[in-house]
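Shown next, in structure tokens, is the structure this report addresses.
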Amino acid sequence: MTLRVTLVVPEGEIWSGNAERMVAKTLDGEIGILTGHTPVLGVLAHGSVVRILPEGEGASGWISAAVGGGFLSVSDDRVSVLARQAVLGEHVDRAATRADLEAAIGAASAGGQGQDNDEVGYLRALLRAAGEEA
Amino acid sequence: MGAQLRTVRRRIATVKSTAKITKAQELIASSRIIKAQQRAHAAGPYAREISAAVEAVVSRSGSIHHPLTTEAANPTRAAVLILTSDRGFCGGFNASVLREAAGLNALLADRGVQAVPFVAGRKGIVWHRFRDRVMGGEWSGFSDTPAHRNATEITTALLEAFGKPASDGGVDEIYLVYTEFVSMLTQRPAVHRLLPLEITESTEAGPIPVYEFEPSPEKVLDELLPWYVESRIFHALLDSAAAEIAARRRAMKSATDNANELLEALTREANKARQAEITQEISEIVGGANALAESISGS
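Residue numbers (this note's numbering), protein chains in the order written: chain A, 35 to 168; chain B, 21 to 319.
Shown next as structure tokens:
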């Protein structure tokens with residue numbers, strides 16, 4: 035038994051396949067999903083990272099994707115992650131993202147709203163998905 | 021060359037160059053339509069999943085009380101989102117959407133509801149401006165290749181209007197008028213009510229699993245409903261884009277066909293004029309020769 039995972043954004047599907055397990059972060063906290071999980075419908079934390087371990091991969095085979103707002107539904111070993119925006123870690127342009135992040139932090143602190151708006155969170159998630167510290 | 025022949029030849033040249041332009045437009049539209057259909061198709065899974073999720077929450081919590089699903093007791097103002105194209109050359113595409121919107125306005129007026137147009141697409145904006153209709157919002161520049169952020173922009177504006185009381189410039193209902201892409205040959209204007217949401221449970225998907233909600237059904241619904249509206253609008257934008265391109269292809273094809281038909285008729289006319297000229301010249305020569313022969317024999 036495996037999980038059938040699809041990662042969807044409004045423009046289309048960005049990843050789908052069979053997976054052994056996956057980890058996501060909802061508003062309540064981290065949630066790990068294996069086969070036989072009870073049906074869940076959860077809102078994903080904004081600017082979080084979803085990690086998927088595809089079937090037949092070792093511990094080094096985790097796939098990461100940054101999601102900016104979305105939700106997750108689990109039923110019958112089918113997992114759908116719906117994100118309004120999402121990028122796979124391997125597709126992240128690290129240098130450009132870091133520059134964007136600095137610009138966004140600058141703009142956010144200039145606007146006096148602190149450093150934690152949605153855009154900053156999403157950019158940080160992009161870097162984390164690409165395997166960097168952020 | 022005779023005057024008539026010259027004007028006919030000039031018309032032939034004009035029609036030929038028009039046919040070249042419409043043919044090019046037709047070919048461009050044919051190549052774009054496939055892409056537009058693919059984009060609409062790719063957006064399908066997201067739209068389906070989000071509808072399924074909304075259904076799941078609603079069926080679970082039974083009666084839901086959410087601002088986006090609550091009917092106003094006495095609606096007085098309604099937003100009408102009209103999707104038109106940025107460019108012309110697409111036959112009756114814009115005219116039929118605007119006619120559908122006018123029909124909806126009349127229906128709303130019967131109920132005593134004032135319609136506030138929100139318009140996407142340059143053609144619709146110009147149409148409303150020309151008639152001095154005040155618009156609640158206008159967007160343009162993306163009618164044939166809409167991106168998701170365009171849907172986000174429109175949704176934000178509409179939800180903001182919906183959140184305000186009608187006396188304060190807000191609206192009680194939101195309608196969507198756009199063109200459905202049925203097939204390459206058929207595009208149909210359609211009217212949907214976006215808000216308040218009418219959530220109908222589909223029976224085809226079988227029993228809905230008993231979900232656990234994180235954090236809570238209310239919170240999930242709070243997050244989900246605006247996305248649901250956004251996804252409906254995005255879907256409509258994509259559908260309308262595909263319909264626009266299909267309409268343009270068809271309009272340009274019939275324009276090219278017409279031009280070719282006209283060309284045939286004009287060529288025939290030109291031949292006739294040329295023949296008439298030759299006949300006239302011959303009869304002039306023969307007449308002249310006869311007159312000369314008569315004058316010689318008579319002298």
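Backbone N, C-alpha and C fix where the C-beta goes; we use that ideal spot for every residue, glycine too.
Worksheet item: In this structure, does DSSP put H86/B in helix, strand or coil?
Response: coil
Discussion item. Can you find the residues in the same chain that come closer than 8 Å, C-beta to C-beta, to F321/B, ignoring five residues on each side of it along the sequence?
Written reply: In this structure chain B extends from 21 to 319, so residue 321/B is not present and cannot be described.
Item to complete: Output the distance between the C-alpha atoms of I48/A and D152/B, rounded to the nearest integer angstrom.
Response: Going by the C-alpha atoms only, they are around 45 Å apart.
Discussion item. Quick check: the Cα distance between D62/A and F113/B, rounded to an integer number of angstroms?
Written reply: 48 Å
Worksheet entry | Contact with chain A by Y66/B, beta-carbon distance below 7 Å | yes
Worksheet item: Should the segment 153 to 160 of chain B be regarded as contacting the segment 114 to 122 of chain B, the criterion being three or more beta carbon pairs within less than 8 Å?
Response: Not touching, per the Cβ criterion.
Fill in: Interfacial residues, the segment 51 to 81 of chain A to chain B, with Cβ spacing under 8 Å
Across the segment 51 to 81 of chain A, CB contacts with chain B closer than 8 Å involve T60, L61, D62, I65, T72, P73, V74, L75, G76, V77, in sequence order along the chain.
Worksheet entry | Of the listed residues T206/B, V133/B, A171/B, R107/B, nearest to V146/B (C-alpha basis) | Minimum Cα distance to V146/B is reached at R107/B.
Fill in: Nearest to S94/A (by Cα), restricted to the options A100/A, I86/A, Q119/A
With distances taken between Cα atoms, S94/A lies closest to I86/A.
Item to complete: Taking only the alpha-carbon atoms, compute the straight-line gap between L68/A and R270/B and give it to the nearest angstrom.
Response: 52 Å
Worksheet entry | Contact residues within the segment 40 to 51 of chain A, judged by C-beta distance below 8 Å to chain B | T40, V42, V43, P44, E45, G46, E47
Worksheet entry | Contact set between the segment 85 to 112 of chain A and chain B, restricted to residues whose Cβ is under 9 Å from the partner | Residues passing the 9 Å Cβ filter: G103, G104, F105, L106, S107, V108, S109, D110.
Practice prompt. For S143/A, decide whether its Cβ has a neighbour in chain B, counting only Cβ atoms nearer than 7 Å.
Written response: No, S143/A does not count as interfacial toward chain B.
Discussion item. To the nearest angstrom, how far is the alpha carbon of V197/B from that of G22/B?
Written reply: If I take the Cα positions, the gap works out to 55 Å.
Worksheet item: On the premise that M35/A lies in contact with D127/A, defined as a C-beta separation below 8 Å, what is that separation, rounded to the nearest angstrom?
Response: Not quite, the Cβ-Cβ distance comes to about 37 Å (not below 8 Å), so this is no contact.
Practice prompt. For T172/B, I'd like the list of residues in its chain whose CB is within less than 8 Å of its CB, leaving aside the five on either flank, ordered along the chain.
Written response: E250
Worksheet item: What first and last residue would you give for the beta strand (DSSP E) that runs through S163/B?
Response: Premise fails: S163/B is in no beta strand (DSSP E) and is neither H nor E.
Item to complete: Pick out whichever of G308/B, T96/B, A121/B has its Cα sitting closest to the Cα of L103/B.
Response: A121/B
Worksheet item: So, is the C-beta of V78/B closer than 7 Å to a C-beta in chain A?
Response: no
Item to complete: Round the Cβ separation of M272/B and Q45/B to the nearest angstrom and send it over; I've been treating them as touching at under 8 Å.
Response: 4 Å
Discussion item. Looking at the secondary structure, which residues open and close the beta strand (DSSP E) in which N52/A lies?
Written reply: 46 to 60
Fill in: H148/B - DSSP class collapsed to helix/strand/coil
Of the three classes helix, strand and coil, the one that applies to H148/B here is helix, per DSSP.
Item to complete: Identify, in the order they occur along the chain, each residue of the same chain with its Cβ nearer than 6 Å to the Cβ of E153/A, setting aside the five sequence neighbours on each side.
Response: Sequence-distant partners of E153/A (beyond 5 residues in either direction) whose C-beta falls short of 6 Å from its own C-beta, in its chain, are A138.
Discussion item. Between G111/B and A296/B, how many whole angstroms is the CB-CB distance? I'm expecting something under 8 Å.
Written reply: Wrong, their Cβ atoms sit about 39 Å apart, outside the cutoff.
Fill in: Cut-off 7 Å between Cβ atoms - residues of its own chain near W159/B, not counting five sequence neighbours on either side
A140, N170, E173, I174, listed in sequence order.
Fill in: Cβ shell of T38/B (< 7 Å), same chain only, five flanking positions each side left out
If you ignore the 5 residues before and after T38/B, its C-beta comes within less than 7 Å of the C-beta of A279, all in its own chain and listed in chain order.
Item to complete: For F150/B, go through chain A and note every residue whose CB falls closer than 7 Å to its CB, in chain order.
Response: Those do not exist, as F150/B stays about 34 Å from chain A at its closest Cβ, beyond 7 Å.
Worksheet entry | Between the CA atoms of L286/B and V306/B - distance to the nearest angstrom | 30 Å
Discussion item. Between L116/A and chain B, is the shortest Cβ-Cβ distance under 7 Å, so that the two count as touching?
Written reply: yes
Worksheet item: How would you label A159/A, buried or exposed, when you count the other beta carbons within 10 angstroms and need 16 or more for buried?
Response: buried
Discussion item. On the criterion of 16 or more Cβ atoms from any shown chain inside 10 Å, does N310/B qualify as buried, or is it exposed?
Written reply: exposed
Worksheet item: If you draw a straight line from the C-alpha of L178/B to the C-alpha of A99/B, how long is it?
Response: 8 Å
Discussion item. Between which residues of its own chain and L128/B is the CB-CB distance below 7 Å, once the five residues before and five after are set aside?
Written reply: A98, A135
Worksheet entry | Beta-carbon proximity of A164/A to V43/A, cut-off 7 Å | no
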